[in-house]
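Residue numbers (my numbering): 9 to 266.
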């Protein structure tokens, strides 16, 4: 005779198995691509051995459909589990937005549309025509770990000794970081001679002479014009040793004759 407790035990085991396999939504990306040069220049990325190009408007991050599928130069990449595999890859942007990057539908995919209407031009397929692949130059590496953050307690980075007969020490990369040798602080000298800022006015050469002053009509006299800009002197400066020319709205730059 079969024990009445057996069906109950089977039900308990099945319920525990189902509970252990509960699916969790994807975590949102921690880093985005806006500040990378390749994203700003709209360059293609390489993923799974193919080139993917930016195509279409950004869309929101869907944690219930998008899953992490790799990275490109330190930026995580995502795919949508509800569309055709390897057709579109998503690059994270700020504000929980994702920029689609699409693979061109050429070669074996020519003439097909996939899960979505392609944003890029597609190849034209012909029955009985062999597809010949064109050799291309090797692309840049597409593997890079995302979120490479240096630990707080990492050991300090030390400088390598300078190369013989070289006055400039070489920057050394350790622990995944690059440090530049610290150089002594020096004072920048103002330009002189031919490198100085000067203008020709009233038959003389005038040189830039310090900080600008605020425009105040009660303190200034008009003495001429320089390339359409009014030239001023301070009232009381009868020898006209310093002239003032507008530099930005509301400010006058001083020039001294030498």
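A virtual CB, placed ideally from N, CA and C, is assigned to each residue, including glycine. Everything numeric in this text was worked out from a predicted model, so none of it was measured.
Neighbourhood of residue i by C-beta, 8 Å cutoff - its chain only, sequence neighbours within 5 removed
i: residue 135; result: Low confidence applies to residue 135: its pLDDT is 49, below 50, so where it sits in the model is not reliable, and the reading given next is rough at best. Excluding residues within five positions, none has a Cβ falling inside 8 Å.
i: residue 230; result: 238, 239, 240
i: residue 209; result: 232, 234, 239, 251, 263
i: residue 59; result: 52, 53, 111, 112, 147
i: residue 218; result: 262
i: residue 246; result: none
i: residue 206; result: 213, 214, 215, 216, 263
i: residue 41; result: 47, 83, 99, 100, 101, 107
i: residue 93; result: 87
Residue i: first and last residue of the uninterrupted alpha helix (DSSP H) it sits in
i: residue 114; result: From DSSP, residue 114 is part of no alpha helix (DSSP H); its letter is neither H nor E.
i: residue 47; result: 45-48
Candidates the options, of which the one nearest residue i by Cα
i: residue 211; options: 253, 243, 265; result: 265
i: residue 242; options: 42, 45, 256, 263; result: 263
i: residue 102; options: 207, 35, 68, 214; result: 68
i: residue 100; options: 91, 114, 117, 70; result: 70
i: residue 79; options: 39, 31, 246; result: 39
i: residue 85; options: 98, 44, 248; result: 98
i: residue 64; options: 90, 206, 105; result: 105
i: residue 43; options: 82, 34, 55; result: 82
The ligand MN heavy atom lying under 6 Å from the CB of residue i
i: residue 60; result: The ligand MN is not among the ligands present in this structure, which contains no ligands whatsoever.
Same chain only: Cβ atoms within 7 Å of residue i, ignoring 5 sequence neighbours per side
i: residue 62; result: 50, 107, 109
i: residue 34; result: 71, 74, 75, 76
i: residue 226; result: none
i: residue 248; result: 231, 241
i: residue 55; result: 78, 80, 85, 97, 150
i: residue 137; result: With a pLDDT of 46 at residue 137, under the threshold of 50, the modelled position of that residue is not reliable, and the figure given next carries that caveat. Closer than 7 Å at Cβ, skipping near neighbours: no residue.
Residue i - DSSP class collapsed to helix/strand/coil
i: residue 214; result: strand
i: residue 225; result: helix
i: residue 230; result: strand
i: residue 245; result: coil
i: residue 85; result: strand
i: residue 259; result: strand
i: residue 68; result: strand
i: residue 39; result: coil
i: residue 6; result: Any answer about residue 6 is impossible in this case: the structure gives the chain only from 9 up to 266.
i: residue 33; result: coil
i: residue 93; result: coil
Residues near residue i in its chain [Cβ-Cβ closer than 6 Å; skip 5 each side]
i: residue 88; result: 73, 74
i: residue 261; result: 220, 253, 255
i: residue 37; result: 84, 100
i: residue 90; result: 73
Enclosing beta strand (DSSP E) for residue i [first to last residue]
i: residue 76; result: 74-80
i: residue 55; result: 53-55
i: residue 101; result: 96-101
i: residue 251; result: 250-256
i: residue 104; result: Neither: residue 104 is in no beta strand (DSSP E) and is coded neither H nor E.
i: residue 208; result: 206-209
Expected contact under 8 Å - CB spacing of residue i and residue j to nearest Å
i: residue 258; j: residue 222; result: 6 Å
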